[in-house]
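Chemist: For the sequence shown, the residue numbers in our numbering are 297 to 522.
Each residue gets a CB set at the ideal place from its N, CA and C atoms; glycine is no exception.
Note that the coordinates shown come from a computational prediction; the quantities given were computed from them, not determined experimentally.
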Amino acid sequence: MCQPTAPTAALGPDGHPQRGGFLPPVPLPRRMWAGGAFTFRTAPRIGETVTRRSVVEDVTLKQGRSGRLCFVTVTHHFSSGGRDMLTERQDIVYRDEPPAGAAAAAPPPPAPAGAQQRRIDTGPARLFRYSALTFNSHRIHYDAPYTTAEEGYPGLVVHGPLQAMLLVHYAADLRGAAPARFRFRSLSPVFGGATLLLNARGSGDALDLWTACPEGPVAMEARAEW
């Protein structure tokens, strides 16, 4: 909602808009979506004008096993006609290129199966269509040669927000109503072409949810509350 636009000439080599502007000009080369949260208050009405007010809440530099990490927290406030509609928190992580010859981390354990489960295809057509829908030109989601040769991934990367969207829709389907609050956190990457499993487990008035590939670790964990 209210996605900013950038002309093609203003994009960086990774397909993201060039550094600076609203987001801080973090010099680390790789950007990923680490997580986020939504609070839903009221739905938009057809034909009304929606306003988004965005605030950079925090910038934190850390040292991780693979190098420097910079976490940026952004909060978006959406309103219309004096009504607060929703609040979205975005957690964005910037990281270094991994050092040459660095040993791969031990793989996490396989994810458990949820009490409810849905299978989703993550082929390149779905990834491309989601990138187009959200005006996201980050090349790791649709440009396979760039993704493997320049960023070192084994295949196209499934969007974190796409997984979050699938989970919140799954939660609404299971409970028959949209949640009032939804938060999510990315733990492991998922690569296009694999089957993605949406998992859910009841927890009182809430649902715990997570994505995983068959035999793979938890990719994204989430919680929906009503």
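Ends of the beta strand (DSSP E) at Val454?
Modeler: Unbroken run through Val454: none, as it is neither H nor E.
Chemist: Just list the residues that DSSP pairs Met516 with in beta bridges.
Modeler: By DSSP's assignment, Met516 forms a beta bridge with Ser482, Thr507.
Chemist: With distance defined between alpha-carbon atoms, name the residue in Asn432, Ser484, Trp329, Asp501 nearest to Ile477.
Modeler: The residue asked about is misnamed: residue 477 is Arg in this sequence, not Ile. Looking at the Cα atoms, Asp501 is the closest of the given residues.
Chemist: Counting only the same chain and skipping the five closest in sequence on each side, list residues whose C-beta sits under 6 Å from that of Val351.
Modeler: Here the set comprises Thr371.
Chemist: So, for Phe318: in the same chain, excluding its five sequence neighbours on each side, which residues have a beta-carbon less than 7 Å away from its beta-carbon?
Modeler: Ser350
Chemist: Thinking C-beta only, is Val514 closer than 8 Å to Ser484?
Modeler: yes
Chemist: My guess is that Gly488 and Leu452 are in contact by the Cβ rule of under 8 Å, so how many angstroms apart are they, rounded?
Modeler: 4 Å
Chemist: I need the boundaries of the alpha helix (DSSP H) containing Tyr390, first residue and last residue.
Modeler: That residue, Tyr390, is in no alpha helix (DSSP H); its beta strand (DSSP E) goes 379-391.
Chemist: Per DSSP, what kind of secondary structure is Arg414 in: helix, strand or coil?
Modeler: strand
Chemist: Could you compute how far the alpha carbon of Pro404 sits from the alpha carbon of Leu505?
Modeler: 18 Å
Chemist: Do you know offhand how far Thr347's Cα is from Thr338's?
Modeler: 14 Å
Chemist: Is the distance from the Cβ of Arg391 to the Cβ of Arg364 below 8 Å?
Modeler: yes
Chemist: What residues in its chain sit with their C-beta under 6 Å from that of Lys358, if we drop five residues either side in the sequence?
Modeler: Leu365
Chemist: By how many angstroms is the C-alpha of Thr345 removed from the C-alpha of Arg481?
Modeler: 30 Å
Chemist: Return the CA-CA distance between Val322 and Val355, expressed in angstroms with no decimal places.
Modeler: Taking the CA atoms as reference points, Val322 sits about 10 Å from Val355.
Chemist: With three or more C-beta pairs closer than 8 Å as the rule, is the stretch 459-467 touching the stretch 378-387?
Modeler: No: fewer than three Cβ pairs fall under 8 Å.
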